[in-house]
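Taken in sequence, the protein lines are chains A and B.
Residue 111 in our numbering sits at position 88 of the first sequence; the count goes up by one each step and never skips.
Residue 95 in our numbering sits at position 72 of the second sequence; the count goes up by one each step and never skips.
For glycine and all other residues, C-beta sits at the position ideal for the given N, C-alpha and C.
What follows is one structure encoded as structure tokens, with my remarks underneath.
There are 2 protein chains.
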Amino acid sequence: MARVRIGDVAREAGVSLGTVSNALNHPEKVRPETRRIIDEAIERLGYLPNQSARMLAGGHSNVLGLVLPRLNHGSSLQIANGALTEARRHGYNLIMANANDDKALSARSARYLMGMQVDGILVQPVPSLEWEPAATHTVPVVYLDVRSGSPGSYVSADNMGQGALIARHLVTHGTEHIAVIGRTSSQHMKLRLAGIQDVLSAHPDIELEVLDAGEWNVSGDGYSLGVSLMQRAPGERPDAIIGLTDVLAAGAIGGALSTGARVPDDLLVAGCDGNPLAWSTPVALTTCSPAGYEIGRKGIQLLLERIAASDAQPRETQERREEVVRPFLLPRASTGAVPTEGLTTVENRARSIPEFNMGAYL
Amino acid sequence: MARVRIGDVAREAGVSLGTVSNALNHPEKVRPETRRIIDEAIERLGYLPNQSARMLAGGHSNVLGLVLPRLNHGSSLQIANGALTEARRHGYNLIMANANDDKALSARSARYLMGMQVDGILVQPVPSLEWEPAATHTVPVVYLDVRSGSPGSYVSADNMGQGALIARHLVTHGTEHIAVIGRTSSQHMKLRLAGIQDVLSAHPDIELEVLDAGEWNVSGDGYSLGVSLMQRAPGERPDAIIGLTDVLAAGAIGGALSTGARVPDDLLVAGCDGNPLAWSTPVALTTCSPAGYEIGRKGIQLLLERIAASDAQPRETQERREEVVRPFLLPRASTGAVPTEGLTTVENRARSIPEFNMGAYL
DNA sequence: CTTGTGAATTAAAACGCTTTAACCATATGC
DNA sequence: GCATATGGTTAAAGCGTTTTAATTCACAAG
């Protein structure tokens, strides 16, 4: 089946090849009448433009690349969704590459995308301590969800801010003893904890203890910790638990409930970074706005700005930009926020988060 | 910054352009000595091949496309990982497009990828009743995770088999009253249920009831159902719950425990399609092997076969192939399977599922 | 000293499109 | 009416590769 080329369309429509190309790329340059004839010819022949040829000839692709470290890393999913939505809004296609937690593969993917003539690249780096030597980029690159120190422009969540937000929220609820649970070896978590500590340093009367939750951050660990914390002697028992991760917090709620403790009456529980996976807790979980979606959105915006700017001036002279996504609190039942009556819990939760659809799980 | 072209490399290495191309694509055709010189020149100049030009000239790309309906649809994540891994194993790159549950976008993405000269496409269709009119494909296409009736070759899970497997497992444990919970409006779920009913039709003495879990399949719904089922009068109470989804089953465990029921002593609980997200239940959940990863793997294999075959004979004459991924049981504590002693629960679970790493959640 | 052979290299022809500049009507201004 | 715009259209020149056919070269055989 010989593939239909632009020349075939031109012949079918009785115009020249260039006119067809114009109809496709600069519709305003061709008379509506002619355009109609061409459209019909395209339809009749089932013409499919060869993107490779377009990119080669045009020097640009209208495609943006997104390199993720792994599909199931915390925010990657939400980043992907935010980026996709925003890219489409601007008429760009988005193609994704998954580095499978392999640093070399991540770099190779980015290089490959550049070779593919994408107009710009978003990279969520593989978690690691050192940055790879800043490769020479032939297209604008923006890094996502990184701690500061990236070699280029980046968009990042305000992890410290998240911690502080939650801590302040609990403080206003009169807590006297907070237990923080989470894998504190991770950078993100360290920052969240720092935010908490920062706020509590102004409240020396409030007791703060930190429990490491093991390597996996699965809710089973949260569950165990919830149980053991609630089984302590009354005086030793915390009256609030912060999960550095929503999944841990969700587990902790389950664990606490199983000991007969009541949430939020006996125990306040809050999470971080509003993971839609954790919505389905017995008691709706107070948390912070999930940053992923917004990081993806802002990443695309920043990238597009840089692409536009590159056309004007050489990329080298552009300043490095840093964007931080500000968190906001999502107070829910687990810290005694008043549930909206007349709504199911799911509906209730849905109202709190714009990108609710992120959470529907099969 | 003018981009380095293959001609620049040739000049730097003191050979002709064609030789550089050969060194890149048919290394065996160029003397090792020359190859070394060329490699050095490439290194020195930081040459990055223009993939668009390669695809255009070569007519193929060494890239496979994957179109997903949505990143967070049940098995999509695992499909993506399975496909990626298998594609890399065969030296292919994989680029993904996300259709965001939009049928038109899904079709457009597939067309776009074809225009991009990918060598083949894997499509997990947007859930919907009718198939889009079979578009003319310029490259081999394989559909994934579909109910039968697809217009082309496909790889699918054996949802009925999963249901049957779980049902048989419970039957051998002497259950007398099974409650099935899940959103039975979904095709996948219908099939799983059918498998269960099929097995139980041979056991008229076992009571079977089906409870619809609402639209969202979140574990909160499982929790509520778990509570209400266990709060029934002793005679009315089921002694086993099957969640058509692992997440529901996980919720049900929590709900049941909260009423004081013991799992698995008073109640057996099992899920379906081993969702790693549900690993973190208080009691390890019995379930079936997750099909997603395997579907992705087999999909790539089938696709590669078809690509190889297309080179030999025209695609039209090829037969339509159907592959089904067979499920196997993952018996764990929630149905009284003996836990492996000396291992943490996480380790224990890890051993049961090859693609364990799928489940590590930040 | 031819001639033949095979390996290594090169020159040149696609690949399918975008874009530039030239072209041609037809409408506009004086 | 003649020059001047103006909107549409076209011919032709790339874009950076791969690939095919031609060329060169070294060496062995006759």
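On a CA-only basis, which of the options is nearest residue i? Give me that one, please.
{"i": "A/A263", "options": "A/L308, A/G297 and A/D244", "result": "A/L308"}
{"i": "B/P72", "options": "A/G184, A/G175, A/E232 and A/Y135", "result": "A/Y135"}
{"i": "A/V347", "options": "A/A332, A/S176 and A/A202", "result": "A/S176"}
{"i": "A/L117", "options": "A/A332, A/L145, A/P354 and A/M212", "result": "A/L145"}
{"i": "A/A360", "options": "A/T195, A/G258 and A/T268", "result": "A/T195"}
{"i": "A/Y316", "options": "A/A106, A/V90 and A/T198", "result": "A/A106"}
{"i": "A/A272", "options": "A/P55, A/E56, A/D288 and A/A236", "result": "A/A236"}
{"i": "B/S179", "options": "B/S75, B/I102, B/G30 and B/D31", "result": "B/I102"}
{"i": "A/L352", "options": "A/V233, A/Q140 and A/N182", "result": "A/N182"}
{"i": "A/L167", "options": "A/D221, A/S98 and A/G184", "result": "A/S98"}
{"i": "A/V306", "options": "A/T358, A/R260 and A/I330", "result": "A/T358"}
{"i": "B/L216", "options": "B/H200, B/R344, B/L234 and B/H226", "result": "B/L234"}
{"i": "A/G297", "options": "A/A46, A/V270, A/Q140 and A/M137", "result": "A/V270"}
{"i": "B/E259", "options": "B/A80, B/R131 and B/I201", "result": "B/I201"}
{"i": "A/P257", "options": "A/H226, A/D289, A/L231 and A/S281", "result": "A/D289"}
{"i": "B/P150", "options": "B/T198, B/S209, B/L280 and B/V162", "result": "B/S209"}
{"i": "B/D62", "options": "B/R77, B/T108, B/G37 and B/N85", "result": "B/G37"}
What residues from chain A crowd round residue i, counting only those whose CB sits closer than 8 angstroms?
{"i": "B/Y135", "result": "Q74 and N116"}
{"i": "B/Q140", "result": "N73, Q74 and S75"}
Check the Cβ of residue i against every Cβ in chain B and list those closer than 9 angstroms, keeping chain order.
{"i": "A/S281", "result": "G277, L280, S281 and P305"}
{"i": "A/R26", "result": "T161"}
With which residues is residue i paired in a DSSP beta bridge?
{"i": "A/C311", "result": "A/L352"}
{"i": "A/I318", "result": "In DSSP, A/I318 forms no bridge with anything."}
{"i": "A/G88", "result": "A/I118 and A/I144"}
{"i": "B/A180", "result": "B/V348"}
{"i": "A/E230", "result": "A/H200"}
{"i": "A/G205", "result": "A/D235"}
Could you check what DSSP says for residue i in three-state terms: helix, strand or coil?
{"i": "A/E345", "result": "strand"}
{"i": "A/T363", "result": "Note that A/T363 scores a pLDDT of 46, beneath 50, so its modelled location is shaky; the value from the coordinates is reported in the next line. Of the three classes helix, strand and coil, the one that applies to A/T363 here is coil, per DSSP."}
{"i": "A/L267", "result": "coil"}
{"i": "B/I276", "result": "helix"}
{"i": "B/V27", "result": "coil"}
{"i": "B/G37", "result": "coil"}
{"i": "B/A127", "result": "helix"}
{"i": "A/Y166", "result": "strand"}
{"i": "B/L107", "result": "helix"}
{"i": "B/L252", "result": "helix"}
{"i": "A/A284", "result": "coil"}
{"i": "A/V194", "result": "helix"}
{"i": "B/G292", "result": "Rather than Gly, the amino acid found at residue 292 of chain B in this sequence is Val. B/V292: strand per DSSP, three-state reduction."}
{"i": "B/N48", "result": "helix"}
{"i": "A/M139", "result": "coil"}
{"i": "B/R93", "result": "coil"}
{"i": "A/A225", "result": "coil"}
{"i": "A/V17", "result": "Past the boundaries of the shown model lies residue 17 of chain A; chain A is included only from 24 to 385, so the question cannot be answered."}
{"i": "B/S16", "result": "No answer is possible for residue 16 of chain B: it lies beyond the span of chain B, which begins at 24 and ends at 385."}
Using a C-beta to C-beta distance shorter than 9 angstroms, which residues of chain A count as neighbours of residue i?
{"i": "B/N104", "result": "R93, L94, N95, N121 and N123"}
What in chain B is Cβ-close to residue i, meaning under 8 angstroms?
{"i": "A/L193", "result": "Within 8 angstroms Cβ-Cβ: nothing; A/L193 doesn't reach chain B, min ~23 angstroms."}
Which chain B residues are close to residue i, counting only those with a beta carbon under 7 angstroms from its beta carbon?
{"i": "A/L107", "result": "N121 and N123"}
When you measure from the CB of residue i to every non-hydrogen atom of the ligand ADP, does any distance come out below 7 angstroms?
{"i": "B/A36", "result": "Among the components modelled here there is no ligand, and therefore nothing to report on the ligand ADP."}
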